[in-house]
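Quick note, in the working numbering, the sequence shown goes up one by one and the last residue is 663.
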Amino acid sequence: MGKIRVLSTQLANQIAAGEVVDRPFSVVKELVENSLDAGATHIHVEVKKGGMNLLKVRDDGAGIPSDEIILALNRHSTSKVYDLEDLNSIRTLGFRGEALSSIASVSQLTLISRHSESAWLAKSEGCDTNVSLRPAAHPKGTTVEVRELFYNTPARRKFLRSEATEYNNISSCIKRLALSRFDVKFALTNNDRLRLNLDAASCYLNELERLRVICGNTFVDNAIYLDNQSAKLRVKGWISSPTFSRGQPDLQYLYVNGRYVKDKTISYAIRQAYQDVLYKGRHPAFVLYLETDLKDVDVNVHPTKHEVRFRDSKIIHRFVYTAINSAIAKEYLKNDNFRDTEVNHVSGHQLKKGNMSTGEMFPSHRFFQRADRNIGGQKSEIVALKSGSAEFSNDQKISNIADTDGCEPIPPLGFAVAQLRYAYILAENSTGLVVVDSHAAHERIIYEELKRTYEEQGLVSQPLLVPQGVLVSETEADLGERLKEELKKLGLIFDRTSSESLLVREIPAILRGSDTEQLLRDILADVIQNDISNRISSEIHLILATMACHGSVRANRKLTLSEMNALLRQMEETERINQCNHGRPTWTEFPIEDIDKYFMRGR
Ligand SMILES: Nc1ncnc2c1ncn2[C@@H]1O[C@H](COP(=O)(O)OP(=O)(O)OP(=O)(O)O)[C@@H](O)[C@H]1O
Ligand SMILES: [Mg+2]
């Protein structure tokens, strides 16, 4: 090792720059954050060659007083934090006083700013020691121009990706910032072409417009708005309805006190809230804003400020989880909504929501889209209806909506008219035809019931007339023995009878009639597969979901009309009914107008 020496300012800044600005988009992030901190209402970002040639951010903020401009380009100079007290309750996006100096050390930077009467220009070339100041023309506000980024750090320049990729990163970065401040107008120009122009939003509808541009129409059309507040916390924003999900966790925006962050605690809370309504491997989409007391969150934990640390992450977790969980549970088929609706005028919109606007997950599955494709073809899918597998029952009165005299209320999911292939219930409601996957729907009903009773009083067990012996592997028997007490709380009571057998004596009353042997096997398999033998009490939902699957109407069972109607009524009373525990849809509907259109009938 050589002698210890103090680094030159230039080198120290370049090293710091390595942490703060590693790509063109991080320069943009820092500059736009400065503009926001300066109270700008209009920010224009100009990019050339993916930011490698030029990055320019212009704002109409407060500007920098002429005698502070050169200081602003110095390391550790900031107007945002003066003492430790300030650092503990940071309101601004910046606070370290190193962004401008870092950027200046790896580029040719020009800063023009007007704070009061006149504007001044400072130019620096990769070094902050010879900065000179001269008068310039500029309206109130600041423009920072960054040219030839990383020209003096060839290694970093080599790591840059293609112009298009760097530009996309910049564009995504502006979108993230734009979602944090609806009251600010943002514009982005790339190679002299205006690519993004987001007007300041003055009302909720304007906010939705911005949301549409950034997150897409499908997200907005399938989003649930929530706003929950407690004494010290507030979470608001939009989350995707479970019918809209993504293959990647790429449409997820989280802001803590106005700052875009990635946070494990909150991500986990969100994942948990969605866990039994999303199909395996799918990800929810959200734009969420958490507001906390500034003192309860430390923002100074990551060089690019992309992470925060909460003083009490358990409270945050519980708060976010509860807010999202209840927003999902209250989504559509909400009984109150239906009761408020006038008889016979069940809101089509309400039902449409459940109408499998499944976004990218179940694209274009709509009946008539498929049927249309078959017109003129040899085989129509509708033939299946004719083929005699629909189960019509003669001995029961079929309620027909057309027969009702307008006084009898029509329930949201209508009245059952038939069973198709012993798997689907066909019902008629005021919108048209309803198709229900009876197994999926029943599974959700039982699951919600199991969760509720478990939380309220624990599951009641019912002795089996004849105890059921179950042969298992020795590992499974060991596991069963270990989990015996936990499973007893769930109403599943058994003993180990030999090294490889268990004897089930009682099962949860709600599951009577189900295959006891398979139930126990599946539960043990769940615990092994999910590796939850040590934390089964916190993962009870997994076990309950498996139980629900066993307790639900298996496909291929003939149902009477009254059984079908009972199921429809139960569905209307059940939270999260639009998906089964595995995230599959439980029902869909085909409006009568679409059916008329298909048969070329005007009404
Ligand atoms: N666009 C701007 N308008 C007004 N003042 C600005 C602007 N950009 C920078 N400044 C001033 O220059 C100072 C230094 O900016 P810089 O970005 O280097 O540090 P910071 O924002 O204080 O902290 P951080 O390094 O965390 O971003 C700021 O504190 C602010 O006073
Ligand atoms: Mg800054």
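The C-beta atom is built at its ideal place from N, Cα and C for all residues, glycine as well.
Check, Outcome
"Under 8 Å between C-beta atoms of Trp-647 and Val-477", "no"
"Host alpha helix (DSSP H) of Asp-497 (start-end)", "Careful: Asp-497 lies outside any alpha helix (DSSP H), inside the beta strand (DSSP E) at 492–497."
"At least three beta-carbon pairs within less than 8 Å, the stretch 295–309 to the stretch 332–352", "yes"
"Val-88 beta carbon less than 8 Å from that of Gly-121", "no"
"Any heavy atom of ligand 2 within less than 6 Å of residue CB: hits in chain order", "Glu-90, Glu-93, Asn-94, Gly-154 and Ala-159"
"Contact between the stretch 514–521 and the stretch 529–540 (3+ Cβ pairs under 8 Å)", "no"
"The stretch 615–631 contacting the stretch 575–584, beta-carbon criterion three pairs below 8 Å", "no"
"For His-610, three-class secondary structure by DSSP", "helix"
"Rounded Cβ spacing between Trp-298 and Phe-242 (contact assumed at less than 8 Å)", "Trp-298 to Phe-242, Cβ: 12 Å. No contact."
"Ordered list of alpha helix (DSSP H) runs contained in the stretch 259–295, each at least 4 residues", "264–275 and 277–281"
"Member of Leu-91, Glu-106 and Arg-565 whose CA lies at the smallest distance from the CA of Gly-551", "Arg-565"
"DSSP three-state assignment for Phe-422, whether helix, strand or coil", "Summary for Phe-422: the model assigns pLDDT 33, below 50, so the residue's position carries little reliability; its value from the coordinates is reported in the next sentence. Note: Phe-422 maps to coil in three-state DSSP."
"Secondary structure, alpha helix (DSSP H): runs of 4+ residues fully inside the stretch 475–526", "498–516"
"Sequence-distant residues of its chain with Cβ nearer than 8 Å to Glu-599 (five each side left out)", "Asn-590 and Ile-592"
"Three-way DSSP call (helix, strand, coil) for Ile-64 in this model", "coil"
"Beta-carbon proximity check, Trp-180 vs Pro-195, cutoff 8 Å", "yes"
"Three-way DSSP call (helix, strand, coil) for Glu-351 in this model", "strand"
"Asp-358 - DSSP class collapsed to helix/strand/coil", "strand"
"Buried or exposed by the 16-neighbour rule on C-beta atoms within 10 Å, applied to Tyr-507", "buried"
"Proximity test, Arg-151 beta-carbon vs ligand 1 heavy atom, cut-off 7 Å", "no"
"Ranges of the alpha helix (DSSP H) found wholly within the stretch 636–661, counting only runs of at least 4", "652–658"
"Closest residue to Leu-153 among Asp-336, Ala-283, Lys-365 and Pro-527 (Cα-Cα distance)", "Lys-365"
"Rounded C-alpha distance that separates Asp-287 from Pro-645", "26 Å"
"Beta-bridge pairing of His-102 - partner residues as DSSP gives them", "Lys-245"
"Closest by C-alpha distance to Gln-479, when choosing among Pro-472, Pro-471 and His-499", "His-499"
"Stretch-stretch touch, CB-based, cutoff 8 Å, three pairs: the stretch 159–168 with the stretch 203–211", "yes"
"Three-state class that DSSP yields for Gln-578 in the structure shown", "helix"
"Own chain, CB closer than 8 Å to Pro-125, minus 5 neighbours either side, in chain order", "His-175 and Ser-176"
"Closest Cα partner of Val-321 within the set Gln-289, Ala-387 and His-362", "His-362"
"Residue environment, Pro-302, which counts as buried when at least 16 other CB atoms sit within 10 Å", "buried"
"Limits of the beta strand (DSSP E) - the one that Gln-308 falls within", "Here Gln-308 belongs to no beta strand (DSSP E), and DSSP marks it neither H nor E."
"Simplified DSSP state of Pro-344, which is helix, strand or coil", "coil"
"Closest residue to Asn-282 among Arg-294, Leu-268, Lys-292 and Ser-290 (Cα-Cα distance)", "Leu-268"
"C-alpha distance - Ile-64 paired with Asn-94, whole-angstrom precision", "36 Å"
"Three-state secondary structure (DSSP) of Tyr-381", "helix"
"Reference Ala-585; option with closest CA among Ala-569, Ile-75, Thr-606 and Gly-276", "Thr-606"
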